[in-house]
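Comments concern the structure below.
In the numbering used here, the protein residues as written are 93 to 257.
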């Protein structure tokens, strides 16, 4: 069947839910894994957060996309050691972590906040490469020596271990 031919979805996916556009699929994964809407202590990514992250460093937010939109999103936050220690000890929440991170500080730690990858792009090394490229770019401006993570899944833990190597 030619790519541009219009075919009713129920003929292609009679027993399966049709594929959603990439943005919707990415947001669904975020809702399923992180449940950020249900946890006020987690970072809620909105325009204000995106603006602050871009001010800290443009590579805090990284994306890989295809013709249907994003397929990988990676969000990292450079911080100070004090902010990292306060977060890891439970003194501050993830939301407070970003609030206490000030533009222009000398960051030595990097929080791997969230990484979302569509299933068909997993286990191909692309997510790891996006993260490593972002880290290297951030390290051109900051002497990052420590990576830390709050892993929600075994895959997230595995990715963090691969990146740390």
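No residue lacks a Cβ here, since even glycine has one placed at the ideal position from N, Cα and C.
Pick out whichever of 207, 173, 151 has its Cα sitting closest to the Cα of residue 246. Per the Cα distances, 207.
Distance, Cα to Cα, residue 205 vs residue 159? The alpha-carbon atoms of residue 205 and residue 159 are separated by roughly 26 Å.
Starting from residue 115, follow the alpha helix (DSSP H) in both directions and report where the run begins and ends. Element bounds for residue 115: 114 to 126.
For residue 196, which of 126, 234, 239 has the nearest alpha-carbon? Ranked by Cα distance from residue 196, the options 126, 234, 239 are led by 234.
Which of helix, strand or coil does DSSP assign to residue 247? Helix at residue 247.
Within this structure, are the beta carbons of residue 281 and residue 176 separated by less than 7 Å? The requested residue 281 does not occur in the structure, where the chain is confined to residues 93 to 257.
If you draw a straight line from the C-alpha of residue 123 to the C-alpha of residue 115, how long is it? The straight-line gap separating the alpha-carbon atoms of residue 123 and residue 115 is approximately 12 Å.
Count the other CB atoms, across all protein chains shown, that sit within 10 Å of the CB of residue 243; report buried if there are 16 or more and exposed otherwise. Exposed, by the Cβ-count rule.
Measure the C-alpha to C-alpha separation of residue 231 and residue 117 and round it to an integer number of angstroms. Using only the alpha carbons, I get a separation of about 31 Å.
Of all the beta strand (DSSP E) runs that stay within the bounds of the stretch 190 to 215, which reach a length of 3 or more residues? Listed in chain order, they are 201 to 209.
Report the rounded CA-to-CA distance for residue 157 versus residue 164, giving the unit in angstroms. Note on geometry: alpha-carbon atoms of residue 157 and residue 164 lie some 7 Å from one another.
Please return the same chain residues whose Cβ sits closer than 6 Å to the Cβ of residue 194, not counting the five positions on each side in sequence. If we look at residue 194 and ignore the five residues flanking it on each side, it has no Cβ neighbours.
To the nearest angstrom, report how far apart residue 136 and residue 186 are at their CA atoms. Spanning the two alpha carbons is a distance of roughly 9 Å.
Quick check on residue 204 - is its C-beta less than 7 Å from some C-beta in chain B? This model lacks chain B altogether; it includes just one protein chain.
State buried or exposed for residue 238, treating a residue as buried only when at least 16 other CB atoms are found within 10 Å of its CB. The residue is exposed, with fewer than 16 neighbouring Cβ atoms inside 10 Å.
Let me check understanding here. Comparing Cα to Cα, which of 256, 138, 144 lies closest to residue 191? When only C-alpha atoms are compared, the closest one is 144.
Can you tell me the Cα-Cα spacing of residue 252 and residue 217, whole angstroms? Note on geometry: alpha-carbon atoms of residue 252 and residue 217 lie some 13 Å from one another.
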